[in-house]
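Chains as they are written, first to last, in our numbering: chain A, 1 to 465; chain B, 466 to 943.
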């Protein structure tokens, strides 16, 4: 029985059980003088029976799906020829992969006899498992639902029970944010610790050479120099710096203009237009940077004769930073807009009354007053630039150059995470683990930036409230 | 030294101050112009590059469906058509299932005698022989025959190969489908429009440019194309393939349907998981939670997650969902789960805003009438906050729609030609398809990438438009 069908049938079962529980409470109510003598509304008696039926059944379902593949695999492995079982886990894994190919009809050539047998066994066991699960679930549901059904009596505090479960479900949902953070921390931290066992953390943080390809072959000793992440940090910072050079002045000035200068009509058309820039997927920016802007900048630089003095590539940090800056403009602009509007009008009026021009008010009153908020927004923008992935993956280079030349190709932390993880490689190779170590760095840095930024903005908001 | 009065001092500096004022204003205008210009440039660039992909060129050729050249037995095919007329269109697919054969043979008993008489085998065997013949038939051969007849002067092997490569390899599948649908084609000669190769397509599209794009075309290939063009044997048609097929390594056969369906299933999973959970979390935090350390901790987590780079969520998906729980790579189910974790903070934050905007008087009235906490929420607060929550959910979905990086981590970046039909099939999504095509060297993929971007942007604009409409239409002011 397929899982979709099972879930659909379970759903139908729950509706039936609800109806049964509800009518049971109404039937019992007639003995005590009508529905109004029930402790709770009939709805709650229906729901309580459903809860009785659903909770054990759902727990069983979850456990079954978590473990059934592992159990089936263990049984099949037991029946493989002895020489394969003794050849170690890698060999068994390879055989199992081939068996899966046979099941999917993608095996090329004639498979050995024992594999076909194993494939047939897996198929048989999978069908058996799903049928057994369906049978067990419905048995469990009917048993627990009838227990719930016969416990119903008019004095039962059904509403309290149901509402407590409702509250518990809500609490669990709101705790998913904690679980997610925990999951992120655990996944990057554990893999990073594994990585730092083979590469010392000091080499990773302070090494000047990054060439993970060298460690690809298993027989090669991992050279400690090949995992020095300084060039990646430098490249990331270079690109983030260039993007900030665009995003901060343009974003801040457009926010100021829209808030203090522009007529309402201009404001109401220009603002949504600028916000479109924020909604464009980053992969589109990446395509635009790689195909249009980067060649344009290269041609311009060569036309100016710059290639005589420095390296000029078509994967320049300048092109990437420029486009990333454009992407971040609306972000900076809307954050600045918030803080500029939060500056009390009385401060502006006071300065204007003293004879200051509008720009003097902005420069000498509004910006200093809004400075903490602007700095907070700036930090958030930096954190976005550092964490941005698709633009750099598509338009920046792969080679880790340690350079400050904006026309040269540099690589970033996110580019390396993606390139290290999108190939087909063993999960436990230092190459893959390095991606998690980079992920840890990225997570820690962006978290710190966000934390400081939110703190600064919060402090500032309180000042004027 | 005579002292100047304050008024004079001010008046002297006024000119300078007004200039500064003007300059400052100019900076503001320039910033806005830069932003708008970037937007304009981006859109014109994408549209001008991508609009060509909606047209595809076809070449007209006289195709002779010669039974011998194809290696087909015409009688077998006529027989099949007769059977199909009687049995229905399922015939083709049911022949592949060996278990069905017994029941089929019974249903087809009236044809048994004819099959034995004409072909000397059972009806099932005859039909299967026909399937085999169709699979083996040399449709490429008859296309090549026709090309040779069209250009009889081409003799050398090299030139011929150059000529053959101008028609897409997909054309032979088209011919196969035609013969499969109608046996009477066999033995006839038809003038048909065949799918052209992407090199020809790109060249003809660029003919109006000052310098046509020769690219990978050889000189003699350009001559063949001009000869076709002179006789109006090349035609541009609406590119239906782009919307109806999956990915392909041949640009002229590549389409976005696979990616669109993958996106659909991924977003479906995301919506099903993130909306109820997000709304539930928002209800808890707004209606039940008391202000304490634990609630603060939840809120700090939500706010931080909203700012975590999306690629980190990909690492989480890879380490937890794929490696720890052993879920399948590349499937929309896992992609949807990763995107759920990513969009949850957005949905929780907007749902909380929607709940707070419901005035306390509504709650107090409900509680005053004797409703319980849960009844107040389910019967009064939630319906009133729903428009705001839906708007937030749509905006969250729009973000998820454009997301690429986390999906690269969980293997949704593989080359998948088949169109996925459920959330458990290997699939890719529209932004990842754009990323993959952007990497392809063929020029024809550039215009397809741009066209795919246009489709993606159209979806985004539609979703955001819907959100704005809902907000305007349903949101209440208290």
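By construction, the Cβ of each residue, glycine as well, lies at the ideal position given by its N, Cα and C atoms.
Spatially closest choice to residue i from the options, by CA coordinates
i, options, result
"residue 877(B)", "927(B), 845(B), 723(B), 603(B)", "723(B)"
"residue 578(B)", "860(B), 486(B), 591(B)", "591(B)"
"residue 57(A)", "14(A), 32(A), 78(A)", "14(A)"
"residue 175(A)", "550(B), 634(B), 760(B)", "760(B)"
"residue 455(A)", "680(B), 736(B), 769(B)", "769(B)"
"residue 75(A)", "90(A), 121(A), 237(A)", "121(A)"
"residue 585(B)", "569(B), 813(B), 540(B), 635(B)", "540(B)"
"residue 381(A)", "60(A), 291(A), 452(A)", "452(A)"
"residue 441(B)", "297(A), 180(A), 229(A)", "This structure leaves residue 441(B) out entirely; chain B is present only between 466 and 943."
"residue 349(A)", "459(A), 365(A), 24(A), 248(A)", "365(A)"
"residue 735(B)", "716(B), 785(B), 807(B), 684(B)", "807(B)"
"residue 862(B)", "835(B), 833(B), 932(B), 844(B)", "932(B)"
"residue 688(B)", "793(B), 665(B), 929(B), 791(B)", "665(B)"
Reduced DSSP category for residue i - H, G, I as helix; E, B as strand; rest coil
i, result
"residue 520(B)", "strand"
"residue 941(B)", "coil"
"residue 721(B)", "coil"
"residue 315(A)", "coil"
"residue 530(B)", "coil"
"residue 396(A)", "coil"
"residue 152(A)", "coil"
"residue 408(A)", "coil"
"residue 560(B)", "coil"
"residue 888(B)", "coil"
"residue 225(A)", "In this prediction, residue 225(A) scores a pLDDT of 45, lower than 50, which makes its location untrustworthy; no coordinate-derived value is stated."
"residue 881(B)", "coil"
"residue 592(B)", "helix"
"residue 573(B)", "coil"
"residue 656(B)", "strand"
"residue 107(A)", "coil"
"residue 525(B)", "strand"
"residue 632(B)", "strand"
Beta-carbon contacts of residue i that lie in its chain and below 6 angstroms, excluding the five residues immediately before and after
i, result
"residue 114(A)", "81"
"residue 235(A)", "410, 411, 412"
Nearest-angstrom Cα separation, counted from residue j out to residue i
i, j, result
"residue 525(B)", "residue 639(B)", "14 angstroms"
"residue 853(B)", "residue 810(B)", "15 angstroms"
"residue 782(B)", "residue 611(B)", "53 angstroms"
"residue 134(A)", "residue 54(A)", "14 angstroms"
"residue 162(A)", "residue 771(B)", "32 angstroms"
"residue 720(B)", "residue 901(B)", "13 angstroms"
"residue 914(B)", "residue 840(B)", "51 angstroms"
"residue 409(A)", "residue 286(A)", "15 angstroms"
"residue 321(A)", "residue 681(B)", "33 angstroms"
"residue 879(B)", "residue 418(A)", "14 angstroms"
"residue 264(A)", "residue 271(A)", "10 angstroms"
"residue 887(B)", "residue 894(B)", "13 angstroms"
"residue 945(B)", "residue 100(A)", "Look at the range of chain B in this structure, 466 to 943, and you will see that residue 945(B) is not part of it."
"residue 47(A)", "residue 158(A)", "8 angstroms"
"residue 438(A)", "residue 203(A)", "13 angstroms"
"residue 813(B)", "residue 563(B)", "53 angstroms"
"residue 112(A)", "residue 72(A)", "20 angstroms"
"residue 511(B)", "residue 867(B)", "16 angstroms"
"residue 860(B)", "residue 822(B)", "18 angstroms"
"residue 947(B)", "residue 566(B)", "The requested residue 947(B) does not occur in the structure, where chain B is confined to residues 466 to 943."
"residue 306(A)", "residue 767(B)", "48 angstroms"
8 angstroms Cβ cutoff met for residue i and residue j
i, j, result
"residue 242(A)", "residue 406(A)", "yes"
"residue 187(A)", "residue 255(A)", "no"
"residue 731(B)", "residue 801(B)", "yes"
"residue 538(B)", "residue 598(B)", "yes"
"residue 778(B)", "residue 803(B)", "yes"
"residue 332(A)", "residue 251(A)", "yes"
"residue 493(B)", "residue 257(A)", "yes"
Cutoff 8 angstroms; reference residue i; Cβ partners in own chain excluding five residues on either side
i, result
"residue 43(A)", "22"
"residue 224(A)", "Because residue 224(A) carries a pLDDT of 45, less than 50, the predicted location of this residue cannot be relied on, and the following value inherits that uncertainty. 199, 200, 203, 207."
Other residues of its chain near residue i: CB distance less than 7 angstroms, five sequence neighbours each side excluded
i, result
"residue 107(A)", "98, 101"
"residue 908(B)", "667, 678, 680"
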